[in-house]
Ligand SMILES: [Zn+2]
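Numbering (the working numbering), first residue to last: 115 to 606.
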């Protein structure tokens, strides 16, 4: 992640005055800053789009967005203009944050410690409400809006520092960044508002209100045990006794107040997956793999047992200890029979395992099962696509992926798989175009232009027969990129 840069002129090095409500940053300016930040985050080695975890988080996020729209908090203009996108980070630190332009950061560390989807929903609803209530634009001054690249660089510096408490002083450029940080720290009123609106959005979306309270309690307990910097969320969101008391009284007044959050099998499995993926170090993986020993499992509740077993299977797979992974998978299958979400995640794990081991016979057999065929999740689609491409059925993959991409044009992983499928079926121009679309999805328009031009070259020089539709698409896309890049250059 790039570090904060020196100020280009003395005017931005001095603390930036907040010019108040009359000078709110326009949504378009906020969006530009958000896009700059997101572009860097996609390139960050810690950025992770794990389809299983992403599906689970989207299953919480989309209902929150829908409730926020329904309540009139999320206005159509912002809905259309902003991204409303969650970018996941591999980091073990417990953190979630809203960025300009409705990009949201969510660390695997947080997903790994929550014990129910209601708790995760409460954190996301709070962050969502910071954006729908325009807290970010109200915290940034007009001057900040006029130097969006600087603002973007500083926010990135703050994010880098928040991940590594020891590096905090080194990565932030003294007083300037402190000034920006103070601009981005929400006021107590804003925190109260995000709690209040977040609570109504979370409950209207059907989550247990108690999730808010248990999340607060969890963060408070964890911070007592661990103040070594593992909880940057707390530094930006201090849990005052007032906030906790407010929330408890809201829960009491809610008609669903006594509905307790439940740790489902699916939640336990996804949280375990997040814990394993957040730390790829061999020693850590060995610890996760050993957790599934029967004597250890016996101490846990049934859902937690399945979670630990799932995490151990994944850890063994990452360690390439395939016999252990296979043995753990069998135990997992025994505990997740039937047709529920737990069984579904176990099936996807067996497919993932076959692909990692390169056992294409097993993988091809698995995707033929009616359960995997009818699984409409993105995780299942992407695993099916990998399997089909590697087993000579790339043409049907290309069709499935194109259908998906028509509705989800910013899905970089799907474009990447389409590039592989197009290459496999002898459509080189379409394959290079799909690679360019990966760059577009991650807002890297310069790299995209390079790919689209390469595709144009290929189309003009190729002695192979080139699809005219493919050729005309890359011409259009190259022109669009040139336009976007010219607009970006003008923003400086
Ligand atoms: Zn907050």
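All C-beta atoms in this analysis are idealised placements derived from N, C-alpha and C, irrespective of residue type, glycine included.
Check                                                                                                          : Outcome
C-alpha distance - residue 270 paired with residue 158, whole-angstrom precision                               : 11 Å
Beta-ladder partner(s) of residue 244, from DSSP                                                               : In the DSSP output, where bridge partners are listed per residue, residue 244 has none listed.
Candidates 222, 395, 406, of which the one nearest residue 161 by Cα                                           : 222
For residue 202, the residue or residues it bridges with in DSSP                                               : 220
Euclidean distance between Cα positions of residue 204 and residue 539                                         : 34 Å
Cβ-Cβ distance between residue 459 and residue 383 below 8 Å                                                   : yes
6 Å CB neighbourhood of residue 449 in its chain, flanking five on each side removed                           : 420
Closer than 7 Å: residue 305 CB and nearest ligand 1 heavy atom                                                : yes
Closer than 7 Å: residue 308 CB and nearest ligand 3 heavy atom                                                : The model depicted lacks ligand 3 and carries ligand 1 instead.
Proximity to residue 402 [Cα-Cα], best of 478, 386, 413                                                        : 386
C-beta atoms of residue 536 and residue 544 nearer than 8 Å                                                    : yes
Residue 217 CB to nearest heavy atom of ligand 1 below 7 Å                                                     : no
Residue from 360, 427, 231, 154 whose Cα sits closest to the Cα of residue 405                                 : 427
Residue range of the alpha helix (DSSP H) that includes residue 313                                            : 302-318
Candidates 370, 359, 206, of which the one nearest residue 393 by Cα                                           : 206
C-alpha gap between residue 173 and residue 180, whole angstroms                                               : 11 Å
Residue interval of the alpha helix (DSSP H) (run including residue 382)                                       : 379-391
Limits of the alpha helix (DSSP H) - the one that residue 426 falls within                                     : 416-432
Reduced DSSP secondary structure (H/G/I, E/B, other) of residue 373                                            : coil
Close Cβ partners of residue 241 (< 6 Å) along its chain, the five nearest in sequence each way excluded       : 210, 212, 218
Enclosing beta strand (DSSP E) for residue 213 [first to last residue]                                         : 210-213
Residue 547 vs residue 588 beta-carbon contact at 8 Å                                                          : yes
Cβ pair residue 431, residue 470 closer than 8 Å                                                               : yes
Closer than 7 Å: residue 424 CB and nearest ligand 1 heavy atom                                                : no
Residue 359 to residue 266 span [Cα, whole Å]                                                                  : 36 Å
Residue closest to residue 268, alpha-carbon to alpha-carbon, out of 214, 597, 170                             : 214
Residue range of the unbroken alpha helix (DSSP H) whose run includes residue 364                              : 355-367
Environment of residue 250 [buried if 16+ CB atoms lie within 10 Å]                                            : buried
Cutoff 6 Å; reference residue 170; Cβ partners in own chain excluding five residues on either side             : 384
Same chain, Cβ closer than 7 Å to residue 517, neighbours up to 5 away in sequence not counted                 : none
Validate contact between the region 325-333 and the region 361-381 using beta carbons, cut 8 Å, 3 pairs        : yes
Beta carbon of residue 163 nearer than 8 Å to that of residue 557                                              : no
Best match in 238, 323, 321, 506 for proximity to residue 308 [C-alpha to C-alpha]                             : 238
Distance CB(residue 325)-CB(residue 375) smaller than 8 Å                                                      : yes
Buried versus exposed call for residue 243 [16 or more other C-beta atoms within 10 Å across all chains shown] : buried
Sequence-distant residues of its chain with Cβ nearer than 7 Å to residue 198 (five each side left out)        : 179, 216
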